[in-house]
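Structure first, commentary second.
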Amino acid sequence: QVQLVESGGGLVQPGGSLRLSCAATVSIFSIYTMGWYRQAPGNERELVATITGGGSSTNYADSVKGRFTISRDNAKRMVYLQISSLKPEDTAVYYCNRAPATLNWGKGTLVTVSS
12 QVQLVESGGG LVQPGGSLRL SCAATVSIFS IYTMGWYRQA PGNERELVAT ITGGGSSTNY
72 ADSVKGRFTI SRDNAKRMVY LQISSLKPED TAVYYCNRAP ATLNWGKGTL VTVSS
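Residue numbering for the sequence shown follows my numbering, beginning at 12 and increasing consecutively.
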């Protein structure tokens, strides 16, 4: 069964950084575009970053452009999200999935930005 397991979240002060990780037990991992999504309290889940299968192309939501960096390691079936210059509005549960999202969602990892 396909599993997505996110980790790396936590409480961080504004301006701080975190590195989120996603382990994907999915076959043929390297051919799929993967994405990081987030859902803030009371909001819909939104896509914030994508990376193509080979890792050569990335895209970001305007709200995170220049602050977030998505990467992947196909040999390890891992996707990462380096998040920097964090703002309180970045507080959310962060998830990974294919883009578009076609896999069952994992539990996500909570990022709380607060002083």
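Beta carbons: idealized from backbone N, C-alpha and C, even for Gly. All figures in this text were calculated on a predicted structure; none of them were measured in a lab.
Check whether the segment 14 to 23 and the segment 66 to 82 are in contact - that is, three or more C-beta pairs closer than 8 angstroms. no
Does the Cβ of V13 have 16 or more other Cβ atoms within 10 Å, making it buried, or fewer, making it exposed? exposed
Would you mind stating whether G46 and A86 have Cβ atoms separated by less than 9 angstroms? no
Other residues of its chain near G21: CB distance less than 6 angstroms, five sequence neighbours each side excluded: Hits under 6 angstroms: none found.
Shorter than 8 angstroms, the distance from the beta carbon of G53 to the closest heavy atom of the ligand COA, or not? In the structure shown, the ligand COA is absent, as is every other ligand, since no ligand is present at all.
Residue burial classification, I62 (beta-carbon count within 10 angstroms, cutoff 16): buried
9 angstroms is my cut-off, CB to CB: does S41 come that close to chain B? In summary, chain B is missing from the structure at hand, where a single protein chain is found.
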